[in-house]
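Letter 73 of the sequence shown, counting from 1, is numbered 77 in my numbering, and no numbers are missing.
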Amino acid sequence: MKFPEGIAAQPAALATSLGSLKLPSYEGGLIALVGIGASEYAAQGAASAWRSTGLPAVAIPASAPPLDAAVTLLISESGRSAEVLAYKPSSRTIALTNFPGSPLAAAADELILLNSGPDSPVYTTGYTATLQALGALGDHWTAAASAGVSAPASTAAASNGAGSFGSGFDWTSLPALVSAALVAPLGAASAYLDEARVVDVVASGVSVATAGEGGLLLRESGRLHTAVHETRNYLHGPMEILDQQTTCVLIGDGREVQLAYDVLEYGTKVVLITTADVEPADNLAVIKLPEASNGLARAVVEMVVVQRLGWEVAQRRGLKVDGFRHRQSDTKVS
């Protein structure tokens, strides 16, 4: 699947994936979410979202030594990431992948199958389906933990309501939110990115997943020089480099909005991705998001916007985004 096709396919892919999700049980204890690359960023967002609802969850790079957790979620869309396969905790493991016949699916104790269909070389459908699955799983486990009972194995058909999994957020509404994000006006955002010497991508909370994967995707698609920062940390020194050759992509509704106006004073161009009511201005492009009450659902919507920006920059630069120039022989197993 080509990159723009993958972007456009996401509403349908998310609906298909949600309809077939089978969620494993949870008996309590520390949860480790393990991934590499895009999957590590998804893990970071999920860990933040889950902790905010009371689940004891931490994100662990697949390259780190195994953590002694009650359950380890091994995340790899392809199921062939060598680093994730090499991560071998002594406790229960659950694989989250799009391929039932993959090495990861065979190696783990249990399986969550995305069933999101084909993906583009620069991830689109697989990444957002991973976020959705993590959101549904976190909601299912949180609802049971809040009720003081163990979460049983579940399916989408058996969830509370159409697709709420006990959380109050209806995951069946996500494809419509993504469809809205696919047509949200981008204004001058892609021009600001294309003209920049360096692009800082900044977010906080669950949206750190968008900052991380967004910075990676803009490098892979538009070959932009990006740097990724957590919002509060960005205020403690990294901003010193800002000038007229820098563009900031700020994702969020809180401190990110004030930060947008702060950095404009340095002549820095800003792309603000937000649900807040902010008017565009000179050097400030505002991309208004549809509201999503769940943090990981919002991260899906945010990422769709960043994907569109990556494709627009690629088009401006005459790039096809049809694969990687630098393939490594030791990152995927056969």
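Ideal Cβ placement from N, Cα and C applies to all residues, glycine included.
In the three-state DSSP reduction, Pro69 falls in the coil class, being neither helix nor strand. With respect to Gly83, Ala111 sits apart: the two C-beta atoms are not nearer than 7 Å. For the segment 192–243, the continuous beta strand (DSSP E) assignments of 3+ residues that do not extend past its boundaries occur at 202–207 and 230–234, in sequence order. For the segment 80–129, the full-length alpha helix (DSSP H) segments reaching 4 residues or more read 86–90 and 107–111 along the chain.
The alpha helix (DSSP H) runs of length 4 or more contained entirely in the segment 231–300 are, from start to end of the chain, 235–238 and 259–268. Residue burial is scored here from C-beta neighbours: Asp326 has fewer than 16 other C-beta atoms within 10 angstroms and is therefore classed as exposed.
When the Cα atoms are used, Glu295 and Arg302 turn out to be separated by approximately 8 Å. The C-beta distance from Val304 to Gln136 rounds to 6 Å, short enough to meet the 8 Å contact threshold. Per DSSP, the beta-bridge partners of Val75 are Ile35 and Arg96. Between Ser183 and Thr20, the alpha-carbon positions lie close to 15 Å from each other. In this structure Ser208 is not in contact with Thr250, their Cβ atoms being roughly 19 Å apart against a cut-off of 8 Å.
Partner residues in the beta bridge of Val62, as assigned by DSSP, are Ala36. Taken through DSSP and simplified to helix, strand or coil, Thr335 comes out as coil. Rounded to whole angstroms, Thr57 and Asp143 show a C-alpha spacing of 9 Å. For Lys26, the closest alpha carbon among the candidates Ala195, Ser158, Ala148 and Ser150 is that of Ser158. Scanning Asp72, Gly241, Gly49 and Glu44 for the CA closest to the CA of Glu87 turns up Glu44. One thing to note: Leu254 has its Cβ no nearer than 7 Å to the Cβ of Leu221. In this structure, the beta-carbon distance from Arg96 to Val75 falls below 7 Å. Of all alpha-carbon atoms in Ala149, Arg227, Ser85 and Val153, the one lying nearest the alpha-carbon of Ala42 is that of Ser85. The beta carbon of Ile64 sits closer than 6 Å to the beta carbons of Ala36, Val38 and Leu71 from its chain, once the five residues preceding and following it are set aside; these are given in chain order. Going by DSSP, Pro15 is part of the alpha helix (DSSP H) stretching over Gln14 to Ser24.
In the three-state DSSP reduction, Thr57 falls in the coil class, being neither helix nor strand. Ser225 and Leu118 have their C-alpha atoms some 24 Å from each other. Between Ser67 and Ile40, the beta carbon gap of about 7 Å places them in contact (Cβ cut-off 8 Å).
Taking a 10 Å sphere around the C-beta of Glu244, we find fewer than 16 other C-beta atoms and assign the residue as exposed. When Ala90, Ala16 and Glu31 are compared, the shortest CA-CA separation from Thr132 is found for Ala16. Taking C-beta atoms under 8 Å as the contact rule, Phe328 and Pro125 qualify, at a distance of about 7 Å.
Taking C-beta atoms under 8 Å as the contact rule, Ala192 and Ala285 fail to qualify, at a distance of about 11 Å.
Under the three-state reduction of DSSP, Ala51 is assigned to helix. Listed in chain order, the non-local C-beta contacts of Gln311 below 7 Å within the same chain comprise Ile11, Thr128 and Leu221, local neighbours out to five positions each way being set aside. Between Trp175 and Gly139 the beta-carbon gap is near 7 Å, inside 8 Å, which marks them as a contact. Per DSSP, the unbroken alpha helix (DSSP H) holding Leu186 starts and ends at Leu178 to Leu186. Scanning its chain for C-beta atoms nearer than 7 Å, with the 5 sequence neighbours on each side dropped, one finds around Pro242 the residues His233, in chain order.
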